[in-house]
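A.B. asks: Please see the structure below; I have some questions.
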Amino acid sequence: MVVVDVGTIIFRVRGGLELTCQLDNADGSHVQQVLSRAFKSLSSRVRSESLVFSVSNSSVFIWPNKAVHIIPEEVTENTPCRDIQQHIQVDENDSGKRSSKKKDKKSPTISVINIDLMMEVTEPAHRSAATLGRVNRKHHFVHMTLPVDCATLVHKDDSVGAASGRLVGALCDQLADMEKVVLQHMKGTSLLVPQPFHFLLPEPAGLVTVVYPAGVPDSQLESVRKDLHRRFELPDDRPYLRRANAFHFPDEPYKDGYLRNPHTALNHPSMEDAKPYLVQGVYSYHHYMQDRMDDNGWGCAYRSLQTICSWFQQQGYVDRNVPSHREIQQALVDVGDKPAAFVGSRQWIGSIEVQAVLDHLLGVTSKILFVSQGSELASKGRELANHFQTEGTPIMIGGGVLAHTILGVVWSETTGQIKFLILDPHYTGGEDLQIITDKGWCGWKGPEFWDQNAYYNLCMPQRPKTI
Numbered sequence: 001m002v003v004v005d006v007g008t009i010i011f012r013v014r015g016g017l018e019l020t021c022q023l024d025n026a027d028g029s030h031v032q033q034v035l036s037r038a039f040k041s042l043s044s045r046v047r048s049e050s051l052v053f054s055v056s057n058s059s060v061f062i063w064p065n066k067a068v069h070i071i072p073e074e075v076t077e078n079t080p081c082r083d084i085q086q087h088i089q090v091d092e093n094d095s096g097k098r099s100s101k102k103k104d105k106k107s108p109t110i111s112v113i114n115i116d117l118m119m120e121v122t123e124p125a126h127r128s129a130a131t132l133g134r135v136n137r138k139h140h141f142v143h144m145t146l147p148v149d150c151a152t153l154v155h156k157d158d159s160v161g162a163a164s165g166r167l168v169g170a171l172c173d174q175l176a177d178m179e180k181v182v183l184q185h186m187k188g189t190s191l192l193v194p195q196p197f198h199f200l201l202p203e204p205a206g207l208v209t210v211v212y213p214a215g216v217p218d219s220q221l222e223s224v225r226k227d228l229h230r231r232f233e234l235p236d237d238r239p240y241l242r243r244a245n246a247f248h249f250p251d252e253p254y255k256d257g258y259l260r261n262p263h264t265a266l267n268h269p270s271m272e273d274a275k276p277y278l279v280q281g282v283y284s285y286h287h288y289m290q291d292r293m294d295d296n297g298w299g300c301a302y303r304s305l306q307t308i309c310s311w312f313q314q315q316g317y318v319d320r321n322v323p324s325h326r327e328i329q330q331a332l333v334d335v336g337d338k339p340a341a342f343v344g345s346r347q348w349i350g351s352i353e354v355q356a357v358l359d360h361l362l363g364v365t366s367k368i369l370f371v372s373q374g375s376e377l378a379s380k381g382r383e384l385a386n387h388f389q390t391e392g393t394p395i396m397i398g399g400g401v402l403a404h405t406i407l408g409v410v411w412s413e414t415t416g417q418i419k420f421l422i423l424d425p426h427y428t429g430g431e432d433l434q435i436i437t438d439k440g441w442c443g444w445k446g447p448e449f450w451d452q453n454a455y456y457n458l459c460m461p462q463r464p465k466t467i
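In this text, residue positions in the sequence shown follow full-length UniProt numbering: the first is 1, and each later residue adds one.
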């Protein structure tokens, strides 16, 4: 699991740099030479005194290459980075929508200081006379806005001057990476826009930035990812560097409206000699009444399946969107499990159907753990702990007429005591983390939570071995 020290701050600088050049012909070597000169010119501008960092939502401006000149005067190059946050105005209404008192207390997130990349446009006046000339020749004019996006982790006690210097270095490194991507993927004078993505990798790599060509799907970049996996000493059986794995900055809301990982707002139960074994990665919480679909009373297994599908999507294993109820039903018809009339119905599905849909729509295999009665679930700690330790995927459990999602267990190997981390798809309210955690819709449950006499099937999705 990747963890960020809460004593650190992310300095993130974004902006557009205009790459312009004139091509006299479409010869490959000529195009490469001209583009390289254009990138070199941009890199010189980034290192010039014209570069300005404007801290978003503040009056702080930093000239990192002009002896670290800063406005206002009370901020100097030796000012600790944490003090910059005092100059940033926070939109209380916006933050209120995204935050929860419980989450703020128990899951502190890393701070992000956003910076706009700017360039001074005024140049010193030159007294030399202008010379005009005219040449009749066909040229190809190239103009591309490079979407620069650099991020660096700094400690709160680091100086503003040191952080600014690291950002300048990161900008130059990113321009070099963008140049490589543009040259590698150019066809004649047709150029692809280079796009940067940030990834939070296991130590010692940490937060890294990778540039991919826009319009080229992940499936065609496998050799690039293999090289990066070797460079960052990552295993070759898990996707760390697909676009879907990109780091989600904590100050940016998700556009689809679903809550991510509500369990991170909870404390682990206190149990003697017990360890937590939890879902790995990011998932979305899917439950009754979302997506303008009234499935109250019959759609719990569909929602649990959607949560599982969101996990595979957000870990970069699949490109497809989370399937709707109708798409799930159609998949079961397509594999011959249900008759055609099943599509559009309000019929329940169970663990075996979830297994079939995952295989058909996502190409994901699953193991089924059968428990003859709920009282036996208390003895399945070893199997569940092993699943979350090795696979790390959410588990769909169905028994009687109810379905739930298991996100983890706290289990003692010596005493056998166990508690289950349950995500309940039967919730019908809005996406309010406080309510969801306070009312137990996402919470820790003891063995008594299960119907002691009902049988249960657990669908345990297996993580594909791929990068």
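Note that beta-carbon positions come from the ideal geometry of N, C-alpha and C, so glycine has one too.
Using a 10 Å radius around the Cβ and a threshold of 16 neighbouring Cβ atoms, would you call residue 121 buried or exposed?
C.D. replies: Per the 10 Å Cβ criterion, exposed.
A.B. asks: In three-state DSSP terms, what is residue 411?
C.D. replies: Of the three classes helix, strand and coil, the one that applies to residue 411 here is strand, per DSSP.
A.B. asks: Which runs of the alpha helix (DSSP H) at least 4 residues long sit entirely within the stretch 387-453? Give them in chain order.
C.D. replies: Entirely contained in the stretch 387-453, the alpha helix (DSSP H) runs reaching 4 residues are, in chain order, 433-438.
A.B. asks: What's the gap between the Cα of residue 387 and the Cα of residue 346?
C.D. replies: Each residue's Cα considered, the two are about 32 angstroms apart.
A.B. asks: In its own chain, which residues sit with a C-beta less than 6 angstroms from the C-beta of residue 14, not counting the 5 before and 5 after it?
C.D. replies: Hits under 6 angstroms: 149.
A.B. asks: Would the stretch 204-213 count as touching the stretch 174-187 if we require 3 or more Cβ pairs under 8 angstroms?
C.D. replies: Touching, yes.
A.B. asks: Is the CB-CB distance between residue 329 and residue 239 below 8 angstroms?
C.D. replies: It is not a contact, given that the beta carbons lie outside the stated cut-off.
A.B. asks: Rounded to a whole number of angstroms, what is the C-alpha to C-alpha distance between residue 275 and residue 421?
C.D. replies: If you take the alpha carbons of residue 275 and residue 421, they lie about 13 angstroms apart.
A.B. asks: Hey, would you say residue 43 sits closer than 8 angstroms to residue 85, going by beta carbons?
C.D. replies: No; because the gap between Cβ atoms is not below 8 angstroms, this pair is not in contact.
A.B. asks: Measuring from the CB of residue 465, is there a heavy atom of the ligand NAD at a distance below 7 angstroms?
C.D. replies: Among the components modelled here there is no ligand, and therefore nothing to report on the ligand NAD.
A.B. asks: Taking DSSP as the reference, what is the three-state secondary structure of residue 70?
C.D. replies: Residue state, collapsed to three classes: strand.
A.B. asks: How is residue 187 classed by DSSP in three states: helix, strand or coil?
C.D. replies: DSSP places residue 187 in strand when its eight states are reduced to three.
A.B. asks: Ignore the nearest five residues each way along the sequence and tell me which others in residue 402's own chain have a CB closer than 7 angstroms to its CB.
C.D. replies: Within the same chain, residue 402 has close Cβ partners 300.
A.B. asks: So the alpha helix (DSSP H) residue 302 belongs to, where does it begin and stop?
C.D. replies: Counting along the chain, the alpha helix (DSSP H) containing residue 302 begins and ends at 300-314.
A.B. asks: Residues in the same chain with beta-carbon distance under 6 angstroms from residue 310, minus the five sequence neighbours each way, listed in chain order, please.
C.D. replies: Closer than 6 angstroms at Cβ, skipping near neighbours: 283, 284 and 322.
A.B. asks: In terms of alpha-carbon separation, which member of 342, 411, 11 and 225 lies closest to residue 467?
C.D. replies: For the residues 342, 411, 11 and 225, the minimum Cα distance to residue 467 belongs to 225.
A.B. asks: Would you give the residue range spanned by the beta strand (DSSP E) that residue 198 belongs to?
C.D. replies: Residues 194-201.
A.B. asks: Taking the alpha helix (DSSP H) that residue 374 belongs to, which residues open and close that run?
C.D. replies: Counting along the chain, residue 374 falls outside any alpha helix (DSSP H), and DSSP gives it neither H nor E.
A.B. asks: In the DSSP assignment, the beta strand (DSSP E) including residue 468 goes from what residue to what residue?
C.D. replies: Past the edges of the chain, shown from 1 to 467, lies residue 468, and the structure says nothing about it.
A.B. asks: My output table needs one value for residue 90: the three-state DSSP class, helix, strand or coil.
C.D. replies: Note: residue 90 maps to coil in three-state DSSP.
A.B. asks: Okay, do the stretch 188-197 and the stretch 56-74 touch, 3+ Cβ pairs below 8 angstroms being the bar?
C.D. replies: They do not touch, by the three-pair rule.
A.B. asks: By alpha-carbon positions, which one of 432, 351 and 83 ends up nearest to residue 394?
C.D. replies: The shortest C-alpha separation from residue 394 is found at 351.
A.B. asks: At what residues does the beta strand (DSSP E) containing residue 275 begin and finish?
C.D. replies: First-last of the beta strand (DSSP E) with residue 275: 275-278.
A.B. asks: Look at the alpha carbon of residue 28 and the alpha carbon of residue 221, and state the distance between them as a whole number of angstroms.
C.D. replies: Spanning the two alpha carbons is a distance of roughly 23 angstroms.
A.B. asks: I'd like to know whether the C-beta atoms of residue 320 and residue 392 end up nearer to each other than 8 angstroms.
C.D. replies: In this structure, residue 392 does not lie closer than 8 angstroms to residue 320 by Cβ.
A.B. asks: Please list the terminal residues of the continuous alpha helix (DSSP H) segment that includes residue 229.
C.D. replies: First-last of the alpha helix (DSSP H) with residue 229: 222-231.
A.B. asks: Is it buried or exposed, residue 419, if we count other Cβ atoms within 10 angstroms and call 16 or more buried?
C.D. replies: Per the 10 Å Cβ criterion, buried.
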